Amino acid sequence: MGHKVAYDSFARSGNTFLRKLFEQVTGISTGSNFPMIPATMQQMLGMRGEGYIDGRVWIIKSPVVSPGLPLEPYSSNKVIMCVRNPLDVFPSMMQLLGTMSHSAKFEFEVE
Amino acid sequence: MHKAFFDSMLNDLVVDKKNPLHVTRFEDLIAQPVTELEQMFKFLLDIEDIEGTNVQRIIRKVTANKDAGKVYELKASTKVANSQAKRYTEAQLIKIKEDLKDMMHFFGYANEFEGHEVNRTGFFEFPEDRD
Numbered sequence: 564m565g566h567k568v569a570y571d572s573f574a575r576s577g578n579t580f581l582r583k584l585f586e587q588v589t590g591i592s593t594g595s596n597f598p599m600i601p602a603t604m605q606q607m608l609g610m611r612g613e614g615y616i617d618g619r620v621w622i623i624k625s626p627v628v629s630p631g632l633p634l635e636p637y638s639s640n641k642v643i644m645c646v647r648n649p650l651d652v653f654p655s656m657m658q659l660l661g662t663m664s665h666s667a668k669f670e671f672e673v674e
Numbered sequence: 014m015h016k017a018f019f020d021s022m023l024n025d026l027v028v029d030k031k032n033p034l035h036v037t038r039f040e041d042l043i044a045q046p047v048t049e050l051e052q053m054f055k056f057l058l059d060i061e062d063i064e065g066t067n068v069q070r071i072i073r074k075v076t077a078n079k080d081a082g083k084v085y086e087l088k089a090s091t092k093v094a095n096s097q098a099k100r101y102t103e104a105q106l107i108k109i110k111e112d113l114k115d116m117m118h119f120f121g122y123a124n125e126f127e128g129h130e131v132n133r134t135g136f137f138e139f140p141e142d143r144d
């Protein structure tokens with residue numbers, strides 16, 4: 564387990580859900596190469612490894628939809644990916660960007 | 014961007030073989046978490062048989078908890094297959110099917126026709142598959 568595993572998935576494809584399962588099974592925090600400021604939302608959900616890519620973490624999430632954000636490079640020797648029906652991905656992203664919350668829902672129906 | 018992402022990933026990881034890749038689907042993770050996690054940890058730990066191992070015991074213990082994996086409450090619509098399709102116009106659906114046709118087949122989101130096993134995630138129909 565000395566090597567790093569890159570977790571490369573499109574946003575809103577179940578990333579945080581699977582990361583939490585990894586953490587519960589291994590007891591090791593999952594990391595990410597996301598800049599610290601936008602990572603705050605994940606940290607508030609208890610993702611303690613958010614923003615870390617060093618020896619404190621094993622599986623490291625790399626965000627895909629990150630226009631303009633400086634992502635810290637790192638090396639990996641394996642990659643895992645979680646895919647999801649794209650028709651479910653984009654409305655989920657809309658909810659996230661509109662509420663800045665992983666769990667909140669709009670108080671109105673979106674046409 | 015969605016298509017470019019998957020094209021890039023599959024080229025780097027499958028064609029160029031820069032890193033071994035394991036793919037799971039969110040729909041399967043929700044429906045059968047034990048199976049999916051066991052497959053994933055066999056890949057991560059380089060083991061062919063997970064039967065009787067400590068990691069298998071922990072996977073089963075973790076997934077037996079109804080709150081497994083949750084850091085927030087999953088929305089009801091998250092657990093309903095293809096629940097968001099109603100939000101797209103016909104033109105958008107046509108565009109998505111055109112752009113992502115290969116990926117829909119590769120990842121199992123294309124409907125299988127007669128003579129094939131029923132695909133519960135066959136959300137997209139490609140009439141040309143009948144031929």
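Quick mapping for you: the protein sequence lines, in order, are chains A and B.
Taking the numbering used here as reference, the numbering of the first sequence is continuous, increasing by one, and the terminal residue is 674.
Taking the numbering used here as reference, the numbering of the second sequence is continuous, increasing by one, and the terminal residue is 144.
The beta carbon of each residue, even a glycine, is placed where N, CA and C say it ideally should be.
Just so it is clear, the structure is predicted and the values come from calculations on it, not from any experiment.
How should residue i be labelled, buried or exposed, when 16 other C-beta atoms within 10 angstroms of its C-beta is the threshold for buried?
i        : result
GLY65/B  : exposed
GLY590/A : exposed
ALA569/A : buried
ASN67/B  : exposed
PRO33/B  : exposed
VAL28/B  : exposed
ALA77/B  : exposed
ILE60/B  : exposed
ARG70/B  : exposed
GLY661/A : exposed
VAL646/A : buried
VAL131/B : exposed
GLN105/B : exposed
GLN45/B  : exposed
GLU49/B  : buried
GLY612/A : buried
ILE11/B  : Lying before the first or after the last residue shown, residue 11/B is absent from chain B, which here runs from 14 to 144.
ASN24/B  : exposed
LEU650/A : buried
SER638/A : exposed
VAL642/A : buried
LEU42/B  : buried
GLY631/A : exposed
PHE669/A : exposed
At the 8 Å Cβ level, is residue i part of the contact set with chain B, yes or no?
i        : result
ILE591/A : no
ILE643/A : yes
VAL620/A : no
SER676/A : Since the first and last residues shown for chain A are 564 and 674, residue 676/A lies out of range.
GLY577/A : yes
SER639/A : yes
LEU634/A : no
GLY649/A : As written in the sequence, residue 649/A is Pro, which differs from the Gly given in the question. True, the Cβ-Cβ gap to chain B drops below 8 Å.
ASP617/A : no
PRO654/A : yes
Measure the beta-carbon distance from residue i to residue j and round it to whole angstroms, keeping in mind my assumption that it falls under 8 Å.
i        : j        : result
VAL36/B  : VAL588/A : With a Cβ gap of about 18 Å, VAL36/B and VAL588/A do not count as contacting.
GLU40/B  : ASN648/A : 7 Å
MET22/B  : ASP571/A : 6 Å
ILE623/A : ASN640/A : Wrong, their Cβ atoms sit about 12 Å apart, outside the cutoff.
PRO654/A : GLN97/B  : 4 Å
ASN95/B  : PHE136/B : 5 Å
Does residue i get closer than 8 Å to chain A when you measure Cβ to Cβ?
i        : result
GLU40/B  : yes
GLN52/B  : no
ILE71/B  : yes
ARG143/B : no
HIS118/B : no
ASN32/B  : yes
ILE149/B : Residue coverage of chain B in this structure runs from 14 to 144, which leaves residue 149/B outside it and unanswerable.
GLN97/B  : yes
PHE136/B : yes
ARG133/B : no
THR37/B  : yes
Provide the residue(s) that pair with residue i in DSSP beta bridges, ordered along the chain.
i        : result
ASP571/A : SER625/A
LEU34/B  : VAL642/A
SER595/A : LYS624/A
ALA123/B : PHE137/B
Q. Does the segment 98-108 of chain B come within contact of the segment 615-624 of chain A, defined as at least 3 CB pairs closer than 8 Å?
A. no
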